[in-house]
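All remarks here apply to the structure that follows.
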Amino acid sequence: MEFDNKQYDGIYEVTEVEIHNDGEIVRGIMYFPPQKYNKPYPLILFFHGFPQILTFKEIIRNFQILLDEGFAVILPNFRGYRLSEGEISLKSQVSDGLKLIEFSIQLAQNDIINGNDINILGYDLGGYISIIVSSLTDSINKILLISPILDLKTKVNTLEFRNSLNYLNRFLPGSVRGIKNVDKFISKTNTELKNEKFQIEKAFSNIKCKKMKIIIGKNDKITSPMFLETLFSNYRDKIDVNIIEGMDHDIIDHESFKQISDKVRRFFSK
């Protein structure tokens, strides 16, 4: 497999990615490391948050440090987000995540990426999806979660969550889709969370990755660091929870990301 019509963003080769899933298209972009690195490349899949406000170009600025370490990076839009078709749901995002793993394995079979070094970086709701996906496949090497939303079962039923969805619907830029029917979305999410496959506690006990780390700010007002410490109290041997002083939830913009960039680089490069 070779990608046609090579394009470049500075020194990095990039290509569009389209993955067909349930009759709909998941769109994304793949960045390759500088030419001094040889195939097969280690790979990082970025599982984005909700809503996905930043463009691919804005997101990749943070991950240039990983490209420069020799990693390829795939940035997708899960179904229902920005460029991709369909509607947002836990089921669709988990299914898209598994399709991305299948796509990565196909790349490995063609010696483009290293099939033993497929990794996930999950941010915000993407952290929740990362854990569910990683409980359903044994193809993941490392998982890094940044400011993950893991107490979804509690959060989805709060008035604050409902108000946030309504606010997003009113003020999101035109390129970013919100939730048209908030009541229907909340009801559907609650129904999905009754399925053991989508329950974080059940999924975590089945995770098959080799190494896992969480980076969360002490000032995170979306997910309490104390909640994470309680959730993972029985899995200290599996996961490292790193609480950062002075860091809040919204860390994915370039300036905020600088305070954890070295931790991200060292986690994947070791």
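Using numbering that gives the first Met the number 0, read the sequence shown as starting at 0 and increasing by one per residue. Note that beta-carbon positions come from the ideal geometry of N, C-alpha and C, so glycine has one too. Being a predicted model, the structure only gives us computed values, none of them experimental.
Return yes when the Cβ of residue j is within less than 8 Å of the Cβ of residue i, no when it is not.
i: G126; j: L74; result: no
i: Y30; j: V13; result: yes
i: K262; j: I213; result: no
i: F267; j: L143; result: yes
i: P33; j: Y11; result: yes
i: D247; j: K269; result: no
i: L97; j: T136; result: yes
i: I43; j: V72; result: yes
i: D270; j: N37; result: Residue 270 lies beyond the range of the chain shown here (0 to 269); nothing can be said about it.
Based on DSSP bridge pairs, tell me the residues matched to residue i.
i: P75; result: G27
i: I122; result: At residue 122 the sequence reads Tyr, which differs from the Ile that was named. The partner list for Y122 (beta bridge, DSSP) reads I145.
i: E15; result: I28
i: M211; result: I142 and I238
i: L65; result: Beta-bridge pairing links L65 to no other residue.
i: I117; result: L42
i: N20; result: E23
i: Q6; result: V13
Just the Cα atoms here: how many angstroms apart are residue i and residue j?
i: G9; j: I59; result: 12 Å
i: R161; j: K201; result: 26 Å
i: G79; j: G85; result: 5 Å
i: A107; j: I242; result: 34 Å
i: E244; j: G22; result: 45 Å
i: K257; j: N61; result: 8 Å
i: T229; j: V132; result: 22 Å
i: F45; j: I119; result: 6 Å
i: I87; j: F77; result: 8 Å
i: S205; j: F197; result: Reading off the sequence, residue 205 comes out as Asn, not Ser. Between N205 and F197, the C-alpha separation is close to 12 Å.
i: S260; j: I145; result: 11 Å
i: L164; j: L53; result: 17 Å
i: E17; j: S129; result: 20 Å
Going by other Cβ atoms of all chains shown within 10 Å of its Cβ, with 16 needed for buried, is residue i buried or exposed?
i: S232; result: exposed
i: K5; result: exposed
i: M0; result: Only weak support is given to the placement of M0: the predicted model assigns it a pLDDT of 44, under 50, and the value that follows is read from those uncertain coordinates. By the 10 Å Cβ count, M0 comes out exposed.
i: K141; result: buried
i: D236; result: exposed
Is it the case that the segment 116-131 contacts the segment 152-169, given that we only count it when at least three CB pairs across the two stretches are under 8 Å? Touching, no, given that fewer than three Cβ pairs across the two stretches are closer than 8 Å.
Contact between the segment 178-190 and the segment 101-116 is defined here as three or more beta-carbon pairs at a separation below 8 Å; is this criterion met? No, the segment 178-190 is not in contact with the segment 101-116.
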